[in-house]
Amino acid sequence: YRMPTLYIQDTQHEFYPGKKSYATGISTLQHHGSYLGPTIKVKRGDIVDFSVVNLRSEPVTNHWHGLHIPGRLDGGPHQMIHPGETWNISMPIHQEAATCWYHDHTCGKTAEQVYFGHAGMFIIEDKNSVLLGLPDIYGINDIPIILQDKLFDAAGQQIYDLKPNRVFTGDTYCINGVANPFISVMPGLVRFRILNASNARPYNLFFSDTIFYVIASDGGFLNQPEQVEKILVLPGERVEIIVDFSKFRGGMLDMKAVTLPSDPFDPDYITVTIAKIVVNSYQLKETILANSLRHSEIQRDFITNTLSDISRSFELMVDDELSKMSINNKEFDMKFINEEVKIDIPEIWEIKSLKGGHNFHVHGCSFLVLELYGEEPDNTLKGWKDTIALPKRIGEMNEGEYHTCKILVKFNYNTYRKEYMKHIESRSDINYHIPYMYHCHVLEHEDKGMMGQFIVY
Ligand code: C2O
Ligand code: CU
Ligand code: CU
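Here it is in structure tokens:
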């Protein structure tokens, strides 16, 4: 069925009450931009038609991060929507319930355009997600949390201030476009769908006085809820959690994070408050958390025992001045296909980095993390992922030792080289088959060239 048209447009938005700032908005109404975009909700099995209209004066693209869709629908850097143009697509939804997102992916401009607001949440539901009986009243006990750090001037204008060879980090934390937010919740179980839409900042999230449960990662539910005290979320990653606010009825607590002061390469961590949580005394609906979250469990052993060899290796590289970013010593080149991958055949990809401080994302699939830094990953990383953090291990690594991660990938949709070459020659038809990207989701690293592209055939 047809979704309302999405208009990407310049707008004014109040991050602070009464102070208007320039922002990019995506809205289903023309000339009525709200900051960020509407949450899109679809069901597995749907075929959804979108029209994305660019009302801005700069080219944009609209990438569907986390969706398993053909390359020509993916919205990567090749699928530019020029000012005044409309991108019409028809998207089949075949994957399981998950919290995904959409955002700009313009070559060299992604960081800035996402920062100013070209991003939104994309929720997929399926039979299982409905039958689980999780908190499901959107905005009340099923709450989207789009996390961003920003810099503001005295007038409340958001600024994208990038020091040479650094990544962007701000000193003000925003949720859904509100600076220093308050979140009002019910005194029972509440589900937060957390998306780190920051350019570069990692958050190790926790609450001032309670543990919580992780129920889903990027691409769907974990096998069962995992009780944690903290959860690390890097740019591009999503995590769904359940928090029990019963014992805080009528009270308040803080959502906090351990994060880095200014740059992912800096060594010291700081603790910051992200939001104040106000717990109401009235509860709308009682829910309980199921012990098992899936119809059919993710059988990691079964899948991994059938495979052993590394098929491809990707080294995330940064030079000493932090000025040159590449993968396998090759900076992103729109006209160069880095990899050719066979459809439907699982592969093991090894991602490595000397210093860490990156997070690797692959388009067009969900993958399983087999090994992180030589060990079995934490339970919260055993579900479907599309972005994996390679955090810097301060003081724990030897000189010259790699931070490594092994993932199991498989692609279900193809892209065709022939069609792609045709596309490069004439940009007239934006519906040609088009390659997928893999890249570091620290957006300034991606824009600087820590990205590659692959076709699936
Ligand atoms: Cu979230 Cu290539 O993107
Ligand atoms: Cu993506
Ligand atoms: Cu990086």
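Heads up, the sequence shown is in UniProt numbering, so the first residue is 75 and it goes up one at a time.
Think of the CB as a built atom: it goes at the ideal place given N, C-alpha and C, for glycine as much as any other residue.
Comparing C-alpha distances from I315 to each of R265, I82, N403 and I344 shows the shortest one belongs to R265. In the DSSP assignment, N128 falls within the beta strand (DSSP E) that extends over I121 to N128. Its chain contains H87, F89, Y109 and L110 as the residues whose beta carbon lies nearer than 7 Å to that of G251, once the 5 sequence neighbours on both sides are disregarded; these appear in chain order.
Selection around ligand 2 by beta-carbon proximity, strictly under 5 Å to any non-hydrogen atom, yields H139 and H437 in chain order. Closest in C-alpha terms to V204, from the list A364, Y476 and K409, comes A364.
The beta carbon of L306 sits closer than 6 Å to the beta carbons of N278 from its chain, once the five residues preceding and following it are set aside; these are given in chain order. One residue list follows from the rule of a beta carbon closer than 5 Å to any heavy atom of ligand 3, given in chain order as H432, C514, V516 and H519.
For ligand 1, no non-hydrogen atom lies closer than 6 Å to the CB of M408. In chain order, F124 and L147 place their CB closer than 6 Å to the CB of I163, counting only its own chain and leaving out the 5 sequence neighbours on each side. If you draw a straight line from the Cα of K429 to the Cα of M77, it is about 43 Å long. Around the Cβ of K459, a 10 Å sphere holds 16 or more other Cβ atoms; the residue is buried.
In the DSSP assignment, F266 falls within the unbroken beta strand (DSSP E) covering L263 to N270. At a cut-off of 6 Å, the beta-carbon of M511 counts as near ligand 1: some heavy atom of the ligand is closer than that. Counting C-beta atoms within 10 angstroms of its own C-beta, S387 has fewer than 16 neighbours from the protein chains shown and is therefore classed as exposed. DSSP, reduced to helix, strand and coil, places I285 outside both helices and strands of the structure shown, so it counts as coil. If the five residues before and after F322 are omitted, its C-beta is found closer than 7 Å to the C-beta atoms of P261 and V353, all from its own chain and listed in chain order. For I377, the enclosing alpha helix (DSSP H) begins and ends at R374 to N379.
DSSP places D216 within a strand segment (E or B) once states are collapsed to three. CA-CA distance, V241 to T79, rounds to 33 Å. Beyond the five residues adjoining it in sequence on each side, K304 comes within less than 6 Å, by CB distance, of N278 and F280 in the same chain, given in chain order. Taking the Cβ of G310 as the reference point, at least one heavy atom of ligand 1 falls within a distance shorter than 6 Å. For I425, the closest C-alpha among the options Y447, S272, Q232 and L358 is that of Y447.
Bounds of the beta strand (DSSP E) holding N162 are T160 to P166. DSSP, read as helix, strand or coil, puts N136 in coil. Secondary-structure assignment with DSSP links R76 through a beta bridge to D123. When C-beta atoms of the region 396-411 are compared with those of the region 479-486, fewer than three pairs fall below 8 Å, so the two segments do not count as touching. Straight across, the Cα-Cα distance linking R368 with V346 is about 34 Å. Judged by DSSP secondary structure, Y176 falls within the beta strand (DSSP E) whose first and last residues are A172 to H177. Spatial neighbours of N453 in its own chain (CB-CB distance under 6 Å, excluding positions within 5 residues in sequence) are listed in chain order as E300.
Residue D210 holds the alpha-carbon nearest to the alpha-carbon of T361 among I289, D210, S101 and N128. Measuring C-alpha to C-alpha distances from D223 to each of R118, H142, R275 and I214 identifies R275 as the nearest. Taking 7 Å as the cut-off, the Cβ atoms of P420 and L381 count as close. Beta-bridge partners of K429 (DSSP): none assigned. Annotation: the continuous beta strand (DSSP E) that includes F388 extends over I384 to V392.
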